[in-house]
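Since the structure comes first, as structure tokens, the remarks are kept for the end.
Numbering (my numbering), first residue to last: 84 to 201.
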């Protein structure tokens, strides 16, 4: 979390560091954040740090079907092609459930379509 200092104080971990009003402080120690805010020393400016923002970036979602990995959108398109579409906003969990419900014939058709596209 990122905090902005409201009242000057000395760092409890590094006694040489003195924070002045307006300084920025970054820490992941929730109890420390709560204490500083409760005492009126700091206020929260943002939750999370740069690493969290990178984690929020979209990573390609994949689904395992018959021991192979396929892209989520690719599997959705193939399901629609065999006449058993998943909802447009379905995620990995929803599409995986849809795959579990397929009959053997549908699974074979889906496998053909997915392998043809690859």
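Note that the Cβ used here is the ideal one computed from N, Cα and C, for glycine as well.
Roughly how many angstroms lie between the CA atoms of residue 174 and residue 86, to the nearest whole one?
The residue you call residue 174 lines up with position 91 of the chain shown. The residue you call residue 86 lines up with position 3 of the chain shown. Whole-angstrom Cα-Cα distance: 35 Å.
In chain order, what residues of the same chain lie with their CB nearer than 7 Å to the CB of residue 125, ignoring the 5 residues before and after it?
By one-based count along the chain shown, residue 125 stands at place 42. Taken in chain order, the residues that qualify are 86, 87, 88, 89, 108, 119.
What do you reckon, are the CB atoms on residue 191 and residue 181 nearer than 8 Å?
Along the chain shown, read from residue 1 onward, the residue named residue 191 stands at position 108. Along the chain shown, read from residue 1 onward, the residue named residue 181 stands at position 98. Cβ atoms of residue 191 and residue 181: not closer than 8 Å.
Take the Cβ of residue 199 as the centre, count every other Cβ of all protein chains shown within 10 Å, and call the residue buried at 16 or more, exposed below.
Residue mapping note: residue 199 aligns to position 116 of the chain shown, counting from 1. Under this definition residue 199 is an exposed residue.
The beta strand (DSSP E) spanning residue 129 covers which residue range?
Here residue 129 refers to the residue found at position 46 when the chain shown is read from its first residue. Per DSSP, residue 129 belongs to the beta strand (DSSP E) from 125–129.
Looking at the structure shown, is residue 177 part of a helix, part of a strand, or coil, going by DSSP?
Within the chain shown, the letter at position 94 stands for residue 177. DSSP, reduced to helix, strand and coil, places residue 177 within a helical segment of the structure shown.
Using the beta-carbon count (16 or more within 10 Å), is residue 197 buried or exposed?
Walking along the chain shown from the start, residue 197 turns up at place 114. Flag for residue 197 reads buried.
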